[in-house]
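First up is the structure itself, then whatever we jot down about it.
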Amino acid sequence: MSAEDAMPVVTALGTEPEFELECLYDDPSNPSELTVFTPETERLATEWVTVDQSTAVSLEEVR
Numbered sequence: 231m232s233a234e235d236a237m238p239v240v241t242a243l244g245t246e247p248e249f250e251l252e253c254l255y256d257d258p259s260n261p262s263e264l265t266v267f268t269p270e271t272e273r274l275a276t277e278w279v280t281v282d283q284s285t286a287v288s289l290e291e292v293r
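Residue numbers (this note's numbering): 231 to 293.
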């Protein structure tokens, strides 16, 4: 394979992927962790992200 064959495919700018995600808290009344996952996958046991409250950043701070 040449370098020309390995060039990435360029997609249109402004096109964003869409994700159907759900989340669960470790304790709904006093959450310290949030786990985000896609419910429609057969590999749910290996495809998730958990965020600890002490390391999370609010959306207002990100913007």
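Built from N, CA and C at the ideal position, the CB exists for glycine as well. Owing to the predicted nature of the structure, the values given are computational and were not obtained by experimental measurement.
Can you find the residues in the same chain that come closer than 8 Å, C-beta to C-beta, to residue i, ignoring five residues on each side of it along the sequence?
| i | result |
| --- | --- |
| P261 | Y255, Q283 |
Am I right that residue i and residue j are in contact with their C-beta atoms under 8 Å? What's the rounded C-beta distance?
| i | j | result |
| --- | --- | --- |
| E270 | E250 | 7 Å |
| E277 | T268 | 7 Å |
Which residues in the same chain have their Cβ closer than 6 Å to the Cβ of residue i, if we skip the five residues on either side of it in sequence?
| i | result |
| --- | --- |
| V279 | V266 |
| E263 | D256, T280, D282 |
| C253 | L264, V266 |
In terms of residue numbering, what span does the alpha helix (DSSP H) encompassing residue i cover?
| i | result |
| --- | --- |
| E252 | Not the alpha helix (DSSP H): E252 falls in the beta strand (DSSP E), residues 252 to 255. |
Which stretch, first to last residue, makes up the beta strand (DSSP E) that contains residue i?
| i | result |
| --- | --- |
| V281 | 278 to 282 |
| E270 | Neither: E270 is in no beta strand (DSSP E) and is coded neither H nor E. |
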